[in-house]
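Last residue of the sequence shown: 254 (my numbering), numbering continuous. We put the CB at the ideal spot given by N, CA and C, even for glycine. These numbers were taken from a predicted model, which means no experiment stands behind them. Worksheet: one structure, shown below.
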Amino acid sequence: MADYPKAITPVDHVEPVPRRVRAFLAGELVVDTTRASYVWEWPPYPQYHLPAADVRRDLLVDEGRTERSRRGTARLHGLRVGSTLHGSCARWYGADALPGLADTIRFDWAALDAWFEEDEEVFVHPRNPYSRVDALRSSRRVRVELDGMLLAESVSPVLVFETGLPTRYYLDRTAVDFGHLVPSTTTTACPYKGRTSEYWSVRVGDAVHSDLAWSYLFPTGALLPIAGLVAFYNEKVDLIVDGERLARPRTHFS
């Protein structure tokens, strides 16, 4: 049994999005809607389906092909803004779609330069309305090791509890031994926390273990308690919490 809650929303579940959704490509507004739908293509998080009437259809390039899925038949379109063209990135669903999805368009997330819920940018994928992400101060003793080498130790961590992911332990920089950390150019993003500001690999002897730790200097408002703190992948290091060595989970998201 896992020691954290799993995402349990069934595949192809559909719900209305109560938020204004906008997306841009090459400086052009491609979609602006308050009538989007969430569609769970797999349990951890949904995708947006957008009313075709709220999409700049003059920017769509009909490719003359269709694609079948459990959600219905979709006509494939590219997206062109000036000299920028992304092929096969939009699926326009027809009359045989799941209830509520006829005449909606589903874009590949990466085909757009930026997505917004209301006036806040959202990264990677839509935020799951059934997920919680809480950052809580704690007095647990957290020790981080790799191959027996101490990387960090703290009695004042901030614990981040995110549905579907193992608990992350964010530590003050004064609790981290940066003598073993090597700055990395890696950047990742999270719909709930924002975009990472720093990443580090870890050197143990002659070996360098890539991208084991990260920090958000400017997280989203809800996750401000982790600003500037450092977390390590539970999956890649040894975590000892209140004297108990934790099993390494398989999940791998920051």
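Environment of residue i [buried if 16+ CB atoms lie within 10 Å]
i: T34; result: exposed
i: E120; result: exposed
i: V258; result: Given that the chain is displayed from residue 1 to residue 254, the structure contains no residue 258 and the question cannot be resolved.
i: G148; result: exposed
i: V122; result: buried
i: V142; result: buried
i: R68; result: exposed
Whole-angstrom distance between residue j and residue i, CA atom to CA atom
i: T108; j: E145; result: Strictly speaking, residue 108 in this sequence is Asp, with Thr absent from that position. Rounded to whole angstroms, D108 to E145 spans 39 Å at the Cα level.
i: P44; j: T174; result: 34 Å
i: Y216; j: E28; result: 29 Å
i: T188; j: S197; result: 9 Å
i: E41; j: D113; result: 22 Å
i: R22; j: Q47; result: 14 Å
i: G243; j: A110; result: 42 Å
i: G64; j: L76; result: 7 Å
i: V160; j: L246; result: 16 Å
i: L150; j: V237; result: 10 Å
i: Y38; j: A152; result: 40 Å
i: D58; j: L224; result: 40 Å
i: C89; j: G179; result: 45 Å
i: I240; j: N234; result: 10 Å
i: F24; j: V155; result: 44 Å
i: P249; j: A7; result: 16 Å
i: F218; j: P126; result: 20 Å
i: R80; j: V17; result: 26 Å
i: A222; j: Y130; result: 16 Å
i: D96; j: R70; result: 10 Å
i: W115; j: A36; result: 13 Å
i: I226; j: R91; result: 38 Å
i: R255; j: A135; result: Outside the shown range of the chain, which is 1 to 254, sits residue 255, and nothing can be said about it.
i: P99; j: A213; result: 44 Å
i: L60; j: N128; result: 27 Å
i: K193; j: T220; result: 5 Å
i: T9; j: A231; result: 28 Å
Beta-carbon proximity of residue i to residue j, cut-off 8 Å
i: V31; j: D54; result: yes
i: G87; j: A26; result: no
i: Y199; j: S184; result: yes
i: D172; j: L229; result: yes
i: T104; j: P51; result: yes
i: G78; j: G94; result: no
i: T186; j: D211; result: yes
Cβ distance (whole Å) where residue i is taken to contact residue j below 8 Å
i: A74; j: T66; result: 7 Å
i: T163; j: R132; result: 5 Å
i: V124; j: P191; result: 5 Å
i: E118; j: R56; result: Contact flag wrong, Cβ pair sits at about 20 Å.
i: L101; j: V11; result: Wrong, their Cβ atoms sit about 14 Å apart, outside the cutoff.
i: H49; j: R106; result: 5 Å
i: V208; j: L181; result: Their Cβ separation, rounded to whole angstroms, is 10 Å, which puts V208 and L181 out of contact at 8 Å.
Alpha helix (DSSP H) segments (min. 4 residues) lying fully within the stretch 42–98: Listed in chain order, there is nothing to give.
Inside the stretch 163–248 only - beta strand (DSSP E) runs reaching at least 3 residues: Listed in chain order, the complete beta strand (DSSP E) runs (minimum 3 residues) inside the stretch 163–248 are 168–171, 181–184, 198–204, 207–215, 230–232 and 238–241.
Length-filtered (3 minimum) beta strand (DSSP E) runs lying within the stretch 1–29: List check, beta strand (DSSP E) in window: 14–16 and 21–25.
Ranges of the beta strand (DSSP E) found wholly within the stretch 107–157, counting only runs of at least 3: Fully enclosed beta strand (DSSP E) runs of 3 or longer: 114–117, 120–122, 133–137, 142–146 and 149–154.
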